[in-house]
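What follows is a single structure, written as structure tokens, with notes after it.
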Amino acid sequence: MMKIMWWSLFVVVCGFSLSACHNDSRQSQMQSNVSEFVLTSSDMVDGGNLPITYTCDGERVNPPLSWSGAPESTQSYALIMHHNAPDGVHWYWTMYNISADVTHVNSNETLGVLGTNSVNNLNAYAPPCSKGPGKKSYIYTIYALSAPLALDEKEKVDRATLLAAMQDLTLGSAQLTVSYQRSNNNTERDVDNIKPTGAPRIQPSTEHRPNPPSFIQPDLSVNIDSARCEKIQQSISDAGFEQGVTVICDQDYAYIVSNTYPQHEMMTGITGTNEQVPVPAEGYAAPIKLQPKKAEKLTTIDAAVGVAVNGVPIYDYSSQGELDVSQYDAKHDTLALGQLDICGGHSGRGDDYHYHVTPTCMIDTMKNRESDAIIGWAYDGYPLYADKNPDGSEIAEGDLDSCNGQADDNFGYRYQTSATPPYIIQCLVGEIDTTKLPRVAPLSGDTQGIRADLRPPASGVENLTYTESENGSRTMAYSYQNEDYFTTYSPSTKRDGCYDFKQKTISSGGKVEEGTFCRNGDQSEVKPKPTTKSKLTTVQSVNREISGEHHLKLEAWADNWFAAYVDENLLIEDSVPITTERSFNAESVTFSANYPIQLNLILKDFKQNDSGLEYIGARNQQMGDGGFIMQITDIDTNTVVSVTDSSWKCEVLHRAPLNKLCEQESNPVAGEGYCTFMSKEAPTNWMDADFDDSTWPNATEHTAAMVGPKDGYDEINWNKDAQFIWGDDLETDNTLICRTTIQQPN
Numbered sequence: 035m036m037k038i039m040w041w042s043l044f045v046v047v048c049g050f051s052l053s054a055c056h057n058d059s060r061q062s063q064m065q066s067n068v069s070e071f072v073l074t075s076s077d078m079v080d081g082g083n084l085p086i087t088y089t090c091d092g093e094r095v096n097p098p099l100s101w102s103g104a105p106e107s108t109q110s111y112a113l114i115m116h117h118n119a120p121d122g123v124h125w126y127w128t129m130y131n132i133s134a135d136v137t138h139v140n141s142n143e144t145l146g147v148l149g150t151n152s153v154n155n156l157n158a159y160a161p162p163c164s165k166g167p168g169k170k171s172y173i174y175t176i177y178a179l180s181a182p183l184a185l186d187e188k189e190k191v192d193r194a195t196l197l198a199a200m201q202d203l204t205l206g207s208a209q210l211t212v213s214y215q216r217s218n219n220n221t222e223r224d225v226d227n228i229k230p231t232g233a234p235r236i237q238p239s240t241e242h243r244p245n246p247p248s249f250i251q252p253d254l255s256v257n258i259d260s261a262r263c264e265k266i267q268q269s270i271s272d273a274g275f276e277q278g279v280t281v282i283c284d285q286d287y288a289y290i291v292s293n294t295y296p297q298h299e300m301m302t303g304i305t306g307t308n309e310q311v312p313v314p315a316e317g318y319a320a321p322i323k324l325q326p327k328k329a330e331k332l333t334t335i336d337a338a339v340g341v342a343v344n345g346v347p348i349y350d351y352s353s354q355g356e357l358d359v360s361q362y363d364a365k366h367d368t369l370a371l372g373q374l375d376i377c378g379g380h381s382g383r384g385d386d387y388h389y390h391v392t393p394t395c396m397i398d399t400m401k402n403r404e405s406d407a408i409i410g411w412a413y414d415g416y417p418l419y420a421d422k423n424p425d426g427s428e429i430a431e432g433d434l435d436s437c438n439g440q441a442d443d444n445f446g447y448r449y450q451t452s453a454t455p456p457y458i459i460q461c462l463v464g465e466i467d468t469t470k471l472p473r474v475a476p477l478s479g480d481t482q483g484i485r486a487d488l489r490p491p492a493s494g495v496e497n498l499t500y501t502e503s504e505n506g507s508r509t510m511a512y513s514y515q516n517e518d519y520f521t522t523y524s525p526s527t528k529r530d531g532c533y534d535f536k537q538k539t540i541s542s543g544g545k546v547e548e549g550t551f552c553r554n555g556d557q558s559e560v561k562p563k564p565t566t567k568s569k570l571t572t573v574q575s576v577n578r579e580i581s582g583e584h585h586l587k588l589e590a591w592a593d594n595w596f597a598a599y600v601d602e603n604l605l606i607e608d609s610v611p612i613t614t615e616r617s618f619n620a621e622s623v624t625f626s627a628n629y630p631i632q633l634n635l636i637l638k639d640f641k642q643n644d645s646g647l648e649y650i651g652a653r654n655q656q657m658g659d660g661g662f663i664m665q666i667t668d669i670d671t672n673t674v675v676s677v678t679d680s681s682w683k684c685e686v687l688h689r690a691p692l693n694k695l696c697e698q699e700s701n702p703v704a705g706e707g708y709c710t711f712m713s714k715e716a717p718t719n720w721m722d723a724d725f726d727d728s729t730w731p732n733a734t735e736h737t738a739a740m741v742g743p744k745d746g747y748d749e750i751n752w753n754k755d756a757q758f759i760w761g762d763d764l765e766t767d768n769t770l771i772c773r774t775t776i777q778q779p780n
């Protein structure tokens, strides 16, 4: 049925008597209960300038807005602020489910539910902070909707999600467009092209003191670019840790944000355990001063003194906090006491992993393992290097001062690690604000006290191991005086940010205890997770051409569609058609085969035509984005024998648009203007086992944050090595063919 909008009726009525509509338009609109839907502001006008107050150069708050003349049947409003940039749409403010009886929003006010912004993916207003010269236009749009939106407030709601949800509910909209040109003094402060993830949840705590001092939670809603900020970001990307570590800068600090949980072996070699285990601490934000300055006095801290480039906090060598830097204290040397693992770290009272000496395992995993690699940053803003000078020369005896550092030509000062005490940063030479320092809180909700006061013996623990299972659980096991002990935990299925523990500790005398403990406050503050019945069903392959002695299971998730083949024989095709715009989906199939297995994939992202766009002609006209992840398990041995990663060979068969400005075209036509495309046929024999794919590029790995998996992804227990793959551009690469050969495991 054709929908006739309220404003269309007004046009038709006026068409019969044009003069009547002009004689007293205001009166005729009132008589017919129709008025113009408009968006205004007390601080700016349509076509005018955006006051500096509402940008990153000012107070960084949202402007006041008012609206009137909405359709009578309006049941709710939604609001979006966006900018059409050369590289795509940036959005700064999204709100939805605003009550229908509300007609304005004040400055620094939130209505309804906040969605994300594209600057830092937070549910917050992101003030414009554009890069480059010239005026930039920013568009505020208010949407009148026929019903509130049924969106999950626990999920991130971005502009595209909001526009899609409103598509069939929009009764009308009104816009206000303003411009802002940054001065030359401000153009270095840019956030438009930096998209860090996740808002940190920071809570005061300490490894050593039961009642640590409070500190100021940083404002991470805006990222400001600077030369030193870029240097810190570069040190993390050069090391290869950019996927798990984010850098967000304000005028004074670079916040290195991580979950403090390293991707290397942990806890092996400890003989003096404190019975704490490494539990991820999401949103840990380590503040690094951007303009370091030498202080008049040295500072020692009973907490972390810095952070490694993999996001793991760095402490001094002591287990007791504040030190006499002039006198080494062997009684409190965590290394000498057997409290550290072979990687130089252990877990503290917050069940948080951190380093006390040279982080050897981290260095082994770094992409840049040369002497000139920065391995960490102290809170006072000076870098940390390993055991040699950046030029590769040995550090002579006496070159390092009491803080374990020396002068540096590039940074003015640098810290070093060393094989002898004090091993790592012992004190801070630069100015430091201790109220800025984050601390990982102990897990909350321990009403039974089973983890609140662990007091194991100082030594004598044997065979301590820490393992992670495919089901997501983690276990620290050890023995003491011929008795076995353990602590096992896994993410709770009942509460967000919580973990289900089961333990048998030396402290409890071998009694088995259980409990659920949380990272994000008391259990009473945590809402239970909704329980949902799994929709994913494993089917049996019906293709008789695929058979063999080994029994396997393929599990996959695709945005938007895939087909998998063994040689040229179809194994499984996505059950959700590619013609469906929201066709991301998970599939699971069992089959039999003989090794080696030639596995071939066809991957497709939804597109309406060769322009590569979707929702063409709608308000949310956009490029799509792809992503595919898969794993194959040998059921006979319960071994994962293949996962998607960058070792796969993938050829792009369709890429569009070749110029992303096509997304902004009012009438996009495939093959014209910005909307050109590349399309080619697959080689006729590309599925053959002996096909030469050496000229094909390797697949590009993409993070889950970039792909944004939905609908079925969480119903698969993914192997830690399984990665999302696609071409090098998630948006423009629309059709791919990929292949790999699976060898029989040893």
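Using this note's numbering, the first residue of the sequence shown is number 35, and each one after it goes up by one.
Virtual Cβ for every residue (Gly too), placed ideally from N, Cα, C.
Bear in mind the structure is a predicted one, so any value in this text is a computation, not a measurement.
Limits of the unbroken alpha helix (DSSP H) element including Cys696:
Neither: Cys696 is in no alpha helix (DSSP H) and is coded neither H nor E.
Please report the straight-line C-alpha distance between Thr87 and Gly168, rounded to a whole angstrom.
19 Å
Cβ of Leu471 within 7 Å of any heavy atom in the ligand GTP?
The model on display carries no ligand, and the ligand GTP is accordingly not part of it.
Extent of the continuous beta strand (DSSP E) run through Ala590
His584 to Asp593
N- and C-terminal bounds of the beta strand (DSSP E) containing Lys170:
Lys170 to Leu179
Cβ neighbour criterion (16 or more within 10 Å) applied to Thr775
exposed
Any idea what DSSP makes of Met301, helix, strand or coil?
coil
Please look up how many angstroms separate the CB atoms of Asp192 and Thr150, rounded, as I've assumed it's under 8 Å.
5 Å
Note the first and the last residue of the continuous beta strand (DSSP E) segment covering Leu633.
Ile631 to Lys638
By DSSP, does Thr394 sit in helix, in strand, or in coil?
helix
Tell me the residue span of the alpha helix (DSSP H) that contains Met510.
Careful: Met510 lies outside any alpha helix (DSSP H), inside the beta strand (DSSP E) at Arg508 to Tyr514.
To which residues does DSSP link Pro347 through a beta bridge?
Val341
Segments of 3+ residues assigned as beta strand (DSSP E) that fall wholly inside the stretch 657-745:
661-668, 673-677, 683-689 and 734-736
N-terminal and C-terminal residue of the alpha helix (DSSP H) that Met200 is part of:
Arg193 to Met200
Coarse secondary structure for Thr399, derived from DSSP in three states
helix
Which same chain residues, not among the five before or five after Leu471, have their C-beta less than 8 Å away from its C-beta?
Phe249, Pro321, Ile335, Ala337, Ala338 and Tyr413
Cutting at 6 Å between CB atoms, please list the residues of its own chain near Val785, excluding the five before and the five after it.
Given that the chain is displayed from residue 35 to residue 780, the structure contains no residue 785 and the question cannot be resolved.
What is the DSSP secondary structure of Ile132, reduced to helix, strand or coil?
strand
Rounded to the nearest angstrom, how far is the Cβ of Thr522 from that of Thr509, given a contact under 8 Å?
4 Å
Pull up the distance between the alpha-carbon of Asp91 and that of Cys163, whole angstroms please.
7 Å
Leaving out five residues on either side along the sequence, give the residues of the same chain with a beta carbon under 6 Å from the beta carbon of Ala420.
Ile409 and Thr451
Going by CA-CA distance only, name the one from Asn140, Ile270 and Leu434 that's closest to Tyr447.
Leu434
Can you tell which of Ala112, Met400, Val279 and Ile258 has its C-alpha closest to the C-alpha of Gln201?
Ala112
Is DSSP giving Gln325 helix, strand or coil here?
coil
Skipping 5 residues on each side, what residues in its chain have a beta carbon closer than 6 Å to that of Tyr457?
Tyr351 and Val391
Is Ser269 helix, strand or coil when you go by DSSP?
helix
Do you know offhand how far Ser645's Cα is from Thr769's?
13 Å
Using a threshold of 8 Å, state whether the C-beta atoms of Gly661 and Phe596 are closer than that.
no
Grab the span of the beta strand (DSSP E) containing Phe551 for me, first residue to last.
Val546 to Cys552
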